[in-house]
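Worksheet for the structure shown next.
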Amino acid sequence: MPYTIKAGDTFYRIAQTYGITVDALMQANPGVNPDRLFIGQVICIPTSGPTPPPTPGSCPTLRQGSRGADVVRLQQLLLGHGFNPGAIDGIFGPNTHSAVVAFQRSRGLTPDGIVGINTWTALGVNCSGGPTPGHCPAGTFAYTIRSGDTLYILAQRYRTTVDAIMRVNPGINPNNLQIGQVICIPQQ
204 MPYTIKAGDT
214 FYRIAQTYGI
224 TVDALMQANP
234 GVNPDRLFIG
244 QVICIPTSGP
254 TPPPTPGSCP
264 TLRQGSRGAD
274 VVRLQQLLLG
284 HGFNPGAIDG
294 IFGPNTHSAV
304 VAFQRSRGLT
314 PDGIVGINTW
324 TALGVNCSGG
334 PTPGHCPAGT
344 FAYTIRSGDT
354 LYILAQRYRT
364 TVDAIMRVNP
374 GINPNNLQIG
384 QVICIPQQ
């Protein structure tokens with residue numbers, strides 16, 4: 204993927220940001236002298252395809268000043284939803300902040316520019332580590348947690364038991380359900 208050199212960039216810093224080695228970066232840019240980079244120069248960042256979304260259950264809180272692979276994922280997701288974060292560079296700067304605020308406003312979230320579980324979920328990331336819609340076992344259906352939901356209320360609503368819900372959702376914490384979290388509900 205193309206990357207535009209900015210003030211202070213080095214191959215080492217770029218490699219760290221994208222989780223690659225300096226050698227891989229040098230191989231992807233033959234003829235570029237890493238000791239003579241200049242602002243505005245375009246280099247190639249080697250990738251093995253699109254950066255995957257954060258792993259389930261991994262939705263780090265990001266804010267202006269954050270850096271790294273999770274910021275790259277955030278920037279790609281924002282761009283995919285039609286919000287331009289500027290360069291996909293792994294740096295949560297002013298452009299990424301503006302894109303996050305605009306995205307949050309468009310989804311009715313608090314437009315604070317801080318990317319937490321609600322913003323990740325609105326971007327389509329499964330932060331719960333649980334199932335995604337359409338991936339529940341036979342005899343169950345996917346349900347997205349809403350404000351006020353508890354396993355007891357869901358058990359009452361869907362004529363099942365808290366124990367039955369827990370059995371089909373190993374690993375969920377019934378005392379820490381998150382709005383937007385997807386769980387499976389047994390069908391009766």
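Under this note's numbering, the first residue of the sequence shown carries the number 204, and numbering increases by one thereafter.
Glycine included, each C-beta is placed from N, C-alpha and C at the ideal position.
I217, enclosing beta strand (DSSP E) - first and last residue: Where I217 is concerned, there is no enclosing beta strand (DSSP E), although the alpha helix (DSSP H) it sits in stretches over 214-221.
Excluding the 5 residues preceding and the 5 following S269 in the sequence, name in chain order all residues of the same chain whose CB lies nearer than 7 Å to its CB. F295
Assess contact between the region 347-360 and the region 290-306, defined as three or more Cβ pairs (one per stretch) separated by less than 8 Å. Is contact present? no
Report the residue from R360, Y361, L354, R362 whose alpha carbon sits nearest the alpha carbon of N372. L354
Buried/exposed call for F241, threshold 16 Cβ in 10 Å: exposed
Is the beta carbon of T220 less than 8 Å from the beta carbon of G271? yes
Going by CA-CA distance only, name the one from T264, I386, W323 that's closest to D352. I386
Cα separation between Q381 and Q278? 23 Å
Who are P389's beta bridge partners in DSSP? T343
Helix, strand or coil at Y355 according to DSSP, with G and I counted as helix: helix
R239 by DSSP, collapsed to three states: which one? coil
Inter-residue Cα distance where the pair is S309 and L326: 11 Å
Assign R270 to one of three DSSP states: helix, strand, or coil. strand
Based on the DSSP output, what are the partners of T207 in its beta bridges? V245
Taking just the CA atoms, how far does G293 sit from Q384? 26 Å
Under a Cβ-count criterion, where at least 16 other Cβ atoms within 10 Å of its own Cβ denotes burial, should Y206 be classed as buried or exposed? buried
Please classify Q307 as buried or exposed, where buried requires at least 16 neighbouring CB atoms within 10 angstroms. buried
What does DSSP give as the partner residues of V318 in its beta bridges? L265
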